[in-house]
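Peer 1:
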Amino acid sequence: MAEVLVLVDHVDGEVKKVTTELLTAARRIGEPSAVWVGEASDSGTAKLAEYGAQKVYTAPAELNDYVVAPTAELLAKLARDTGAAAVLVSATAQNKEVAGRTAVKLGSGVLTDVVDVSADLVTDHSIFGGAMVTKAKVRSGAAVVAVRPNSVPAEPQAGEAAVQAVEVEVPEAAKGARVVERVAQEQGERPELTEAAIVVSGGRGVGSDDFTVVEKLADSLGAAVGASRAAVDAGWYPNQFQVGQTGKTVSPNLYIALGISGAIQHRAGMQTSKNIVAVNKDPEAPIFEIADFGVVGDLHTVAPQLTEEIGKRK
Amino acid sequence: MNIVVLVKQVPDTATERKLTSDDFTLDRAASDGVINELDEYAIEEALLLREKHGGEVTVLTMGPDQATDSIRKALSMGADKAVHLVDDALHGSDALQTAYALSKALGTLEFDLVVLGSESTDARTGVVGAALAEYLGLPQLTLAGKVDVDGTAVKIQRQTDYGYDVVEAQLPAVVSVVEKINEPRYPSFKLIMQAKKKPVAKLGIADAGIEADRVGTAAAATETVEASPAPPRAAGTIVKDEGDGGAKAADFLAEKKFV
Ligand SMILES: Cc1cc2nc3c(=O)[nH]c(=O)nc-3n(C[C@H](O)[C@H](O)[C@H](O)COP(=O)(O)OP(=O)(O)OC[C@H]3O[C@@H](n4cnc5c(N)ncnc54)[C@H](O)[C@@H]3O)c2cc1C
Ligand SMILES: Nc1ncnc2c1ncn2[C@@H]1O[C@H](COP(=O)(O)O)[C@@H](O)[C@H]1O
Numbered sequence: 155m156a157e158v159l160v161l162v163d164h165v166d167g168e169v170k171k172v173t174t175e176l177l178t179a180a181r182r183i184g185e186p187s188a189v190w191v192g193e194a195s196d197s198g199t200a201k202l203a204e205y206g207a208q209k210v211y212t213a214p215a216e217l218n219d220y221v222v223a224p225t226a227e228l229l230a231k232l233a234r235d236t237g238a239a240a241v242l243v244s245a246t247a248q249n250k251e252v253a254g255r256t257a258v259k260l261g262s263g264v265l266t267d268v269v270d271v272s273a274d275l276v277t278d279h280s281i282f283g284g285a286m287v288t289k290a291k292v293r294s295g296a297a298v299v300a301v302r303p304n305s306v307p308a309e310p311q312a313g314e315a316a317v318q319a320v321e322v323e324v325p326e327a328a329k330g331a332r333v334v335e336r337v338a339q340e341q342g343e344r345p346e347l348t349e350a351a352i353v354v355s356g357g358r359g360v361g362s363d364d365f366t367v368v369e370k371l372a373d374s375l376g377a378a379v380g381a382s383r384a385a386v387d388a389g390w391y392p393n394q395f396q397v398g399q400t401g402k403t404v405s406p407n408l409y410i411a412l413g414i415s416g417a418i419q420h421r422a423g424m425q426t427s428k429n430i431v432a433v434n435k436d437p438e439a440p441i442f443e444i445a446d447f448g449v450v451g452d453l454h455t456v457a458p459q460l461t462e463e464i465g466k467r468k
Numbered sequence: 045m046n047i048v049v050l051v052k053q054v055p056d057t058a059t060e061r062k063l064t065s066d067d068f069t070l071d072r073a074a075s076d077g078v079i080n081e082l083d084e085y086a087i088e089e090a091l092l093l094r095e096k097h098g099g100e101v102t103v104l105t106m107g108p109d110q111a112t113d114s115i116r117k118a119l120s121m122g123a124d125k126a127v128h129l130v131d132d133a134l135h136g137s138d139a140l141q142t143a144y145a146l147s148k149a150l151g152t153l154e155f156d157l158v159v160l161g162s163e164s165t166d167a168r169t170g171v172v173g174a175a176l177a178e179y180l181g182l183p184q185l186t187l188a189g190k191v192d193v194d195g196t197a198v199k200i201q202r203q204t205d206y207g208y209d210v211v212e213a214q215l216p217a218v219v220s221v222v223e224k225i226n227e228p229r230y231p232s233f234k235l236i237m238q239a240k241k242k243p244v245a246k247l248g249i250a251d252a253g254i255e256a257d258r259v260g261t262a263a264a265a266t267e268t269v270e271a272s273p274a275p276p277r278a279a280g281t282i283v284k285d286e287g288d289g290g291a292k293a294a295d296f297l298a299e300k301k302f303v
């Protein structure tokens, strides 16, 4: 069976949930091999084994000192050496770039923002802000596929996860853009936006930089907090929490929109959520067109009551 | 400093967008064409850099004839001139072919910096900047929320999941911008009038040295095999808050086993 390479997303040695989803998808296609930039941690390797990785290729962490190009170099080399059928990455802004460069190097094709992938490598896409669905494929060569987090449910299946260090020569041209500093902004204790099973977002309707009403509801559900661009632009909530076309694309089991009108650019980032709940005082707000449950009312009374009810029912 | 800014014409997101039924490429007749919103930020950044460092801003667009509307818009914001890569052979090119064709067109121009948007609102692939850097063999400074040029050095803040990275490179380089970077200007009446006289050079694939068998639908490495309207979401339940809206929402969440 052909190998399928899966680029591992990891933070502080912990493997992100999306990687377990990619391994699950990879098992449909062939034999999953994880690719880890940096030194694979024991707990991380155990997690990869749990989701069926047969091999774990590791490469020096120094690849990350330069923007994208060295990681693409690594994936392309591994794909060539192993004759991999496909390369799967998470559809984050950075990994889509990795996917693009890898495909150029391989002379194959790239498919981004994929919401499902079949055994014969036909991919599903949700386009135009969720208005259309398409199926696509790569005509020849190893398909490079960027899959949205929360699209393929992760299912465990034991694998060997045999760690194997690989050497990769990074050409000078790939070292043109050097990372000289990394600046981490406040993340807090909440789950990460793209990974979270539940997301509670606030928009202009929140009315001020006091997002407590959104955060309290989120915390009652163990959810991540998101924001519309209007709320971010107003300086009410930090940039990295923006959901939408130019923010993060999320696909949680439950998305709660508080005081968000549901502009097409916002919907582009959340329309594939499995359940959508909206609170908005305007009955005509377009968000209600896609809501499974909507409350027409003031979020400042509805959301606290909801938070309290959730507390009571726990 | 000479800057080329890449501008794409896309169907207006506010209108209904369609794919053609024969080859599932964008149906350009179905909706109004507008400048890809993010590219306005790229144009603005190029103009700001020109105001600071001098030089010229050239707009480069690949697209059908009607893309001239977007070129005029870019010129009326203040760009100096434009190059329009237009050829029937380019129809249906995918993201990587587009990046390849743009890299060849850029080969006919002199530049210190290429500035583009981080994503187009129609295709949303977000790969053109990275693929372009790969084809050109130039430093990739993408997803920039801030750009500074100092002599031959360029430095950006690259937006990441956790915040940002500070990234440095030498010119020439490829920079893509996110919408946080600036506030695009409105064209003044004077500039709109001037834009009508600014030069727009048309380039065919032969002029750019693009091999006909590398671009267009037939040569694309990817293929859309099926397209259909999304199945409608089952109509939701909408209630009016009468003092119990939160409790009713809690009932819904309980029913769906979230609480
Ligand atoms: C290039 C480009 C990219 C974009 N990218 C994004 C993106 O990534 N993400 C994004 O979100 N947007 C994006 N937008 C912006 C988008 O078009 C909308 O402007 C934005 O989503 C609006 O945010 P909002 O819904 O919070 O605000 P509004 O549209 O102003 O809606 C506020 C809503 O709150 C309701 N409301 C007010 N007070 C209350 C209350 N007390 N209780 C209940 N409801 C209340 C109102 O009825 C209204 O429906 C982009 C736009 C462009 C041009
Ligand atoms: N046909 C095109 N002509 C000029 N620029 C383009 C074209 N296609 C994409 N671009 C540029 O590439 C950016 C990213 O597009 P994409 O990768 O397709 O999401 C856009 O914001 C444009 O700046």
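Chains as they are written, first to last, in my numbering: chain A, 155 to 468; chain B, 45 to 303.
Even for Gly, the Cβ is constructed at its ideal location relative to N, Cα and C.
Quick one: residues in its chain with C-beta nearer than 6 Å to the C-beta of Gln183 of chain B, no 5 flanking neighbours on either side, listed in chain order?
Peer 2: First, the amino acid is wrong: residue 183 of chain B is Pro here, not Gln. Result list for Pro183 of chain B: Ala213 and Ala217, in chain order.
Peer 1: What does Val222 of chain A touch in chain B if you count any residue whose Cβ is under 7 Å from its own?
Peer 2: Under the 7 Å cutoff, chain B gives Ala174 and Gln184.
Peer 1: Alpha carbon to alpha carbon, how far is Thr277 of chain A from Lys231 of chain A? Give it in angstroms, no decimals.
Peer 2: Whole-angstrom Cα-Cα distance: 24 Å.
Peer 1: Taking buried to mean at least 16 other C-beta atoms within 10 Å of its own C-beta, is Val433 of chain A buried or exposed?
Peer 2: Looking at its Cβ environment, which holds 16 or more other Cβ atoms inside 10 Å, Val433 of chain A is buried.
Peer 1: Measuring alpha carbon to alpha carbon, tell me which residue in B:Ser232, B:Tyr208, B:Tyr230 and B:Phe233 is nearest Lys224 of chain B.
Peer 2: Comparing Cα positions, the closest option is B:Tyr208.
Peer 1: List, in chain order, every chain A residue whose beta-carbon is nearer than 7 Å to that of Lys224 of chain B.
Peer 2: In chain order: Asn393.
Peer 1: Does the Cβ-Cβ distance between Glu349 of chain A and Pro310 of chain A come in under 7 Å?
Peer 2: Contact flag unset, no.
Peer 1: Under the DSSP definition of a beta bridge, which residues are partnered with Leu70 of chain B?
Peer 2: Paired residues: B:Leu63.
Peer 1: Ligand 1: which residues have Cβ under 5 Å from any of its heavy atoms, chain order?
Peer 2: For ligand 1, the selected residues are A:Gly357, A:Arg358, A:Gly359, A:Ser382, A:Arg383, A:Ala384, A:Gly398, A:Gln399, A:Thr400, A:Gly401, A:Gly413, A:Ile414, A:Ser415, A:Ala417, A:Gln419, A:His420, A:Asn434, A:Lys435, A:Asp436, A:Ala439, A:Asp452, A:Leu453 and B:Glu81.
Peer 1: Return the Cβ separation of Leu176 of chain B and Ala123 of chain B in integer angstroms, given the expectation that the two are a contact with Cβ distance under 8 Å.
Peer 2: Actually they do not touch by this definition, with Cβ atoms about 19 Å apart.
Peer 1: Rounded to a whole number of angstroms, what is the C-alpha to C-alpha distance between Glu321 of chain A and Ala180 of chain A?
Peer 2: Each residue's Cα considered, the two are about 24 Å apart.
Peer 1: Compare the Cα-Cα distances from Ile254 of chain B to each of B:Ala149, B:Ala118, B:Val51 and B:Lys300 and report the closest residue.
Peer 2: Measuring from the Cα of Ile254 of chain B, the nearest candidate turns out to be B:Ala149.
Peer 1: Less than 7 Å between the beta carbons of Thr212 of chain A and Ala319 of chain A, yes or no?
Peer 2: The answer is yes: Cβ separation under 7 Å.
Peer 1: Taking 7 Å as the CB-CB cut-off, is Leu187 of chain B touching chain A?
Peer 2: Yes, because at least one Cβ of chain A sits closer than 7 Å to the Cβ of Leu187 of chain B.
Peer 1: Using the Cβ count rule (16 or more neighbours within 10 Å means buried), how would you classify Gly198 of chain A?
Peer 2: Classification for Gly198 of chain A: buried.
Peer 1: In the DSSP assignment, the beta strand (DSSP E) including Ala240 of chain A goes from what residue to what residue?
Peer 2: Taken as a continuous stretch (DSSP letters only), the beta strand (DSSP E) holding Ala240 of chain A covers Ala240 to Ser244.
Peer 1: Keeping to the same chain, check which residues put their C-beta closer than 7 Å to that of Leu215 of chain B; ignore five residues upstream and five downstream.
Peer 2: Cβ neighbours of Leu215 of chain B beyond the five flanking positions: Asp156, Leu157, Thr196 and Val198.
Peer 1: Going along the segment 269-284 of chain B in order, which residues come within less than 7 Å of chain A, judged by CB to CB distance?
Peer 2: Residues Val269, Glu270, Ala271, Ser272, Pro273, Ala274, Arg277, Gly280, Thr281, Ile282, Val283 and Lys284.
Peer 1: Hey, would you say Gly398 of chain A sits closer than 7 Å to Ala422 of chain A, going by beta carbons?
Peer 2: Contact flag set, yes.
Peer 1: So with CB distances below 9 Å, who are the chain B contacts of Lys171 of chain A?
Peer 2: What Lys171 of chain A touches in chain B: nothing, since even the nearest Cβ is about 14 Å away.
Peer 1: State the Cα-Cα distance for the pair Val249 of chain A and Val269 of chain A, rounded to the nearest angstrom.
Peer 2: What sits at residue 249 of chain A in the sequence shown is Asn, not Val. Cα-Cα distance, rounded: 15 Å.
Peer 1: Using a C-beta cutoff of 7 Å, does Glu219 of chain A count as contacting chain B?
Peer 2: In the sequence as presented, Glu is not what sits at residue 219 of chain A; that position holds Asp. No, Asp219 of chain A lies away from the interface with chain B (no Cβ there is under 7 Å from its Cβ).
Peer 1: Going along chain A, which residues have a C-beta under 9 Å from Val210 of chain B?
Peer 2: Going along chain A in sequence order, the residues near Val210 of chain B (Cβ under 9 Å) are Val333, Val334, Glu335, Arg336 and Val337.
Peer 1: Quick one: residues in its chain with C-beta nearer than 7 Å to the C-beta of Ala264 of chain B, no 5 flanking neighbours on either side, listed in chain order?
Peer 2: Counting only Cβ-Cβ distances below 7 Å, and skipping sequence neighbours, we find Gly136, Ser137, Asp138 and Gln141.
Peer 1: Is any heavy atom of ligand 2 found at a distance shorter than 6 Å from the C-beta of Val171 of chain B?
Peer 2: Flag set: Cβ of Val171 of chain B near ligand 2.
Peer 1: Taking buried to mean at least 16 other C-beta atoms within 10 Å of its own C-beta, is Glu185 of chain A buried or exposed?
Peer 2: By the neighbour-count rule (16 or more Cβ atoms within 10 Å), Glu185 of chain A is buried.
Peer 1: Whole beta strand (DSSP E) runs in the segment 123-188 of chain B with 3 or more residues, listed along the chain?
Peer 2: Correct list: 125-129 and 157-161.
Peer 1: From what residue to what residue does the alpha helix (DSSP H) around Val252 of chain A run?
Peer 2: From DSSP, the alpha helix (DSSP H) with Val252 of chain A extends over Ala247 to Leu260.
Peer 1: Determine, for Val303 of chain B, whether the minimum Cβ-Cβ distance to residues of chain A falls below 7 Å.
Peer 2: Judged by the 7 Å Cβ criterion, Val303 of chain B is in contact with chain A.
Peer 1: Any heavy atom of ligand 2 within a distance shorter than 6 Å of the CB on Asp113 of chain B?
Peer 2: Incorrect: Asp113 of chain B has no Cβ contact closer than 6 Å to ligand 2.
Peer 1: Please look up how many angstroms separate the CB atoms of Pro108 of chain B and Asp76 of chain B, rounded, as I've assumed it's under 8 Å.
Peer 2: Not confirmed; about 14 Å, so no contact.
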